[in-house]
Amino acid sequence: MAQSISVSVEAPIENQIMSIDYDGTEVYANPLTQSEYLTRNAARINFMKSSETTEESKEEEQAVAAAAFQASSSPFENILNKLKEAYTEVTVLHDVLAVSKEKHYLVLDPVPMHEQTEIKPMAVVYARKKALGMAGNILISGAERLKRLDNGPDFQIELLRLRQNWRLKKVSDNIIGDLSFRTAGSKFMHPGNFEVSKSDEVDIKGPNPSTLQVTIPSELQGVAYIKVVTQKDQEDLCSANVTMIDHKGKLQVGEISSWQKKLEFAQNVLFCKELFNQLAREAVQLQATIPHVVIGNQIRATLLPGIQLIISLCHSTNYQEFQEETKKKADDLHDHVLEHSLHQLLREIHYKNTHYPIPHSGHAVGIAKKRLLAGPHSYDRHELWEMTRCQNQTLLEQIIGQAQHIFMRKRTQYVLDSIARDVKDPQITSHWNALNSPTLSWVKINITTHGYDTITRTALVVHVKERSLMAICRDGRVMHMSYEPQELRDLILQQICQHQITGLQNLSRCMAWQLLSNSNHLGIGDVEPLGNANAILIASPLGDRVIAVQVRCDPQIVVKVYVSHSPREFYTSGPLVQGKLWENLGSEFKDVNFDKMEGRNFLNKMEFLMAALTKIKE
Amino acid sequence: MGVTILVPYPLDNKKTGPEVVEELSKRLLAMQATQTGHFLVDGDVFESSFNKTKIHVMHNSEYPASVFSILDNGQKQIPLITDLIFDLLMLKVNPIYASRKQLKIESKGPRFELGDFLVKLGSVTMSQSQTFKGLLIEVDYRPCLIPIICWELIREFLQGFLGQYSPTTIPVYFTNSVPNPHHPVPYQKSNDTYQPIDTVQQYLEHFNNYRKQTIALMMGPNK
Chain A
1 MAQSISVSVE
11 APIENQIMSI
21 DYDGTEVYAN
31 PLTQSEYLTR
41 NAARINFMKS
51 SETTEESKEE
61 EQAVAAAAFQ
71 ASSSPFENIL
81 NKLKEAYTEV
91 TVLHDVLAVS
101 KEKHYLVLDP
111 VPMHEQTEIK
121 PMAVVYARKK
131 ALGMAGNILI
141 SGAERLKRLD
151 NGPDFQIELL
161 RLRQNWRLKK
171 VSDNIIGDLS
181 FRTAGSKFMH
191 PGNFEVSKSD
201 EVDIKGPNPS
211 TLQVTIPSEL
221 QGVAYIKVVT
231 QKDQEDLCSA
241 NVTMIDHKGK
251 LQVGEISSWQ
261 KKLEFAQNVL
271 FCKELFNQLA
281 REAVQLQATI
291 PHVVIGNQIR
301 ATLLPGIQLI
311 ISLCHSTNYQ
321 EFQEETKKKA
331 DDLHDHVLEH
341 SLHQLLREIH
351 YKNTHYPIPH
361 SGHAVGIAKK
371 RLLAGPHSYD
381 RHELWEMTRC
391 QNQTLLEQII
401 GQAQHIFMRK
411 RTQYVLDSIA
421 RDVKDPQITS
431 HWNALNSPTL
441 SWVKINITTH
451 GYDTITRTAL
461 VVHVKERSLM
471 AICRDGRVMH
481 MSYEPQELRD
491 LILQQICQHQ
501 ITGLQNLSRC
511 MAWQLLSNSN
521 HLGIGDVEPL
531 GNANAILIAS
541 PLGDRVIAVQ
551 VRCDPQIVVK
561 VYVSHSPREF
571 YTSGPLVQGK
581 LWENLGSEFK
591 DVNFDKMEGR
601 NFLNKMEFLM
611 AALTKIKE
Chain B
1001 MGVTILVPYP
1011 LDNKKTGPEV
1021 VEELSKRLLA
1031 MQATQTGHFL
1041 VDGDVFESSF
1051 NKTKIHVMHN
1061 SEYPASVFSI
1071 LDNGQKQIPL
1081 ITDLIFDLLM
1091 LKVNPIYASR
1101 KQLKIESKGP
1111 RFELGDFLVK
1121 LGSVTMSQSQ
1131 TFKGLLIEVD
1141 YRPCLIPIIC
1151 WELIREFLQG
1161 FLGQYSPTTI
1171 PVYFTNSVPN
1181 PHHPVPYQKS
1191 NDTYQPIDTV
1201 QQYLEHFNNY
1211 RKQTIALMMG
1221 PNK
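Taken in order, these protein sequences are the chains called A and B.
Residue numbering for the first sequence follows this note's numbering, starting at 1 and increasing by one per position.
Residue numbering for the second sequence follows this note's numbering, starting at 1001 and increasing by one per position.
See the structure below:
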């Protein structure tokens, strides 16, 4: 059998909590008065429902009313009850007092009175002091703020200074500035806005106290730069960073916080983003033989086989990191030319976007001045074609061209320097033209022999272009070479050999020797890996001595000299060759140990040799 | 740029114009020249209705951005080089300068490149009926600017492929004395720097000769 347990639900005795103060004290709601209680209960009654009560409930109501009538039948019953209760209480009290008198079962202790706290005068003093101190602080801080606003940096003055350097406009209650290069001709879509606001909390002791605050959109915050790296088989050859800020200068923490610096940094970020955007767009659009690759913030383009140009956008929001990086960069090989070029190219595009040539007639808007002059100056087809080709070159094509040229120039320099170092005998001097265009430079190469400068001098000019070389030799021959450095090396070596032979030829003329034969490409003898040997045959004034010289066209410039005597020294007439006259035929050529000879260089040695072999007519 | 010499090729009655062009092209190709498209030089005549002043408007495909116009009042020729919109201007002044359609003349044909030389074989046709008038051979030596210096070279080159028909003296256009505005002594074109307008003026001379021949022919039967 289930036993039913009656559960009594009672309202808590405590009063309801109305609110809790900040110090944790609870504020209780006052207990309801009787009238309030009544109204609350009355509110709960559904009068609509009561009006629809059934007959049963009516009967019940009548029964309750009858009971109430019976209860109130004796008018003094209420008083009687109360007197009874009072009597009972008095009796109980009497019993308790009787028991407690025995002091056996119950002991009465005096109820302690609420102790009157003793007020210490010092505590009061402290408490008041503290309270006064706090109040004073509030007043002082308020006063200071007012003072700062009077003496410190004025918001209006600063706004004026900002207005002088940056474009501002008022949009309802806000001041909006413009960082973009749109007025300079940029067509980049980024709005580049910043907001100017007034800040109340100013650090007066800081390096740049300012009440003016600029808010920059999050994507423009931080520092950005464009890194250009020329890479050959994973090895960096040169790199360049493009920013508007001189990143070698040290950044002070205070400088970063000042609004001027902040805006400059943000504008730089915008510039870099635009530049990269433009380059990336072109890289995708260009139809190169080896397609350019754009991955994330990096563009890869192939300059020459095995050599890559990598342009990447670096953007960091941390100033400290940036500073550390720039410190590292300072040691790197750093190409200012590429940096400057990229910078300049975008500026040029901006400039062209705003500076149209003066319109001559309705049809001529946006046409370059050169093109306008093409008609009246009667440019021919070739010139016009060159002009359109130059104009339609994209930014990426131009920078690739420039990088290729820089690379070609370095290669040519290296080849010339290494030959000048390795080849001792004729001196090789190269003069680089100081004034050159970003994609064309030229070098003049002089080959001279020390002490014989007036006798012979070989000069040639090499034009260094984007992907090719063009050499103009002294005899007017024009040679086109590719980007392979070996081709230039071969040409220079060949020119050296030719120089030696020509020098000897001129020298022999001065010494009254006769030139018998001269060949720049001797087809006989050992097969040369590259080029042919040069040879010359000279005879003494009397014709009794013949010298043959062969100059081999290899990196060591090997010289071989042979001498033949006439008449023969040991002539024996045999049965086959009879008669004394045959002894005048030249004897066999004998090798001269040229390395052991006196003399500073080839021509000097040859001069000595010729002098020794010359017989003066008696 | 360079020096251009224009020589008419005399036609005998044995061969027609296209045949001669074909033969010369073969000769040039045998000399290892490369054909680089075609060329066109045309000349229009506009005549004033008041006085008999003429404006010759000429185009040369070698100078595609330019219109050459020469004002001819009988005693003097004034050249003017302009943009392509000059053609539109001439249409505007149509009431004053009327176009003489039947005098429109053009020379077109293949264009060859051979080293520093540029050779154009032009067959001259006149008016809309495209009647064949003759052959004009243009030789351009590009590295030089002074005609007298390179004339001998060009003459030799012309001999190479024209044979007996090649000219022996420099065209008269270059030997005519021109008054010098800066100096009392007149000078010759052959000593001066060559200009693109000189090519056009040479063409104009030859075109005018063809026109005169045509007019003479037309007048002949009437008489």
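Cβ atoms here follow ideal geometry from the backbone N, Cα and C, with glycine treated the same way.
Here the structure is a predicted model, which is why all the values come from computation and not from measurement.
Quick one: is residue i near chain A, going by C-beta distance under 9 Å?
| i | result |
| --- | --- |
| S1061/B | yes |
| M1001/B | yes |
| R1211/B | no |
| I1070/B | no |
| P1110/B | no |
| L1084/B | yes |
| K1189/B | no |
Strictly under 9 Å for the Cβ-Cβ distance: is residue i near chain B by that measure?
| i | result |
| --- | --- |
| A224/A | no |
| R600/A | no |
| D475/A | no |
| S378/A | yes |
| G401/A | no |
| R389/A | no |
| L585/A | no |
| L333/A | With a pLDDT of 49 at L333/A, under the threshold of 50, the modelled position of that residue is not reliable, and no figure is offered here. |
| R489/A | no |
| R371/A | yes |
Quick check: the Cα distance between residue i and residue j, rounded to an integer number of angstroms?
| i | j | result |
| --- | --- | --- |
| Q505/A | L516/A | 10 Å |
| E466/A | I400/A | 9 Å |
| A1254/B | M387/A | It is not possible to answer for residue 1254/B, since the shown part of chain B is limited to 1001 through 1223. |
| A330/A | I226/A | With a pLDDT of 49 at A330/A, under the threshold of 50, the predicted position of this residue should be treated as unreliable, though the coordinate-derived value follows. Spanning the two alpha carbons is a distance of roughly 15 Å. |
| I187/A | L304/A | One detail in the question is off: residue 187/A reads as Lys in this sequence, not Ile. The straight-line gap from Cα to Cα measures roughly 32 Å. |
| L972/B | S441/A | Residue 972/B is absent from the model: chain B starts at 1001 and stops at 1223. |
| K1189/B | V1172/B | 10 Å |
| E1022/B | S1127/B | 24 Å |
| T614/A | L460/A | 35 Å |
| Q308/A | L338/A | 14 Å |
| S1177/B | Q1035/B | 36 Å |
| L270/A | P191/A | 10 Å |
| F1207/B | G1163/B | 24 Å |
| G24/A | T33/A | 27 Å |
| M48/A | S35/A | 23 Å |
| R389/A | R1211/B | 41 Å |
| Y351/A | T429/A | 42 Å |
| L1011/B | S1025/B | 16 Å |
| L1091/B | D1140/B | 33 Å |
| N137/A | R128/A | 14 Å |
| P541/A | R411/A | 47 Å |
Contact check, residue i vs residue j under 8 Å by CB: the rounded distance?
| i | j | result |
| --- | --- | --- |
| V551/A | C497/A | 5 Å |
| I1154/B | I1055/B | Contact doesn't hold; Cβ gap of about 31 Å is too wide. |
| I557/A | V549/A | That pair is no contact at about 12 Å. |
| R381/A | E1062/B | 6 Å |
| I445/A | V462/A | 7 Å |
| V626/A | W259/A | Residue 626/A lies beyond the residue range present for chain A, which begins at 1 and ends at 618; the question has no answer from this structure. |
| T354/A | A184/A | 7 Å |
| L286/A | T439/A | About 17 Å separates the two Cβ atoms, so there is no contact after all. |
Determine the chain A residues that contact residue i at a beta-carbon separation under 7 Å, and present them in chain order.
| i | result |
| --- | --- |
| A1065/B | A374, G375, Y379 and L384 |
What's the call for residue i, buried or exposed, on a 16-neighbour Cβ count within 10 Å?
| i | result |
| --- | --- |
| M1219/B | exposed |
| F1117/B | buried |
| V495/A | It is Gln, not Val, that sits at residue 495/A in the sequence shown. Answer is buried; the Cβ neighbour count reaches 16. |
| R1111/B | buried |
| G375/A | buried |
| R545/A | buried |
| A503/A | Here residue 503/A turns out to be Gly, not Ala, going by the sequence shown. G503/A should be labelled buried. |
| G249/A | Residue confidence for G249/A is low, a pLDDT of 46 falling below 50, so the modelled location carries little weight and cannot support an answer. |
| G296/A | exposed |
Name the chain A residues whose beta carbon is nearer than 8 Å to that of residue i?
| i | result |
| --- | --- |
| K1081/B | The sequence shown places Ile at residue 1081/B, not Lys. Going along chain A in sequence order, the residues near I1081/B (Cβ under 8 Å) are G375, P376, H377 and S378. |
| P1196/B | S378 and D380 |
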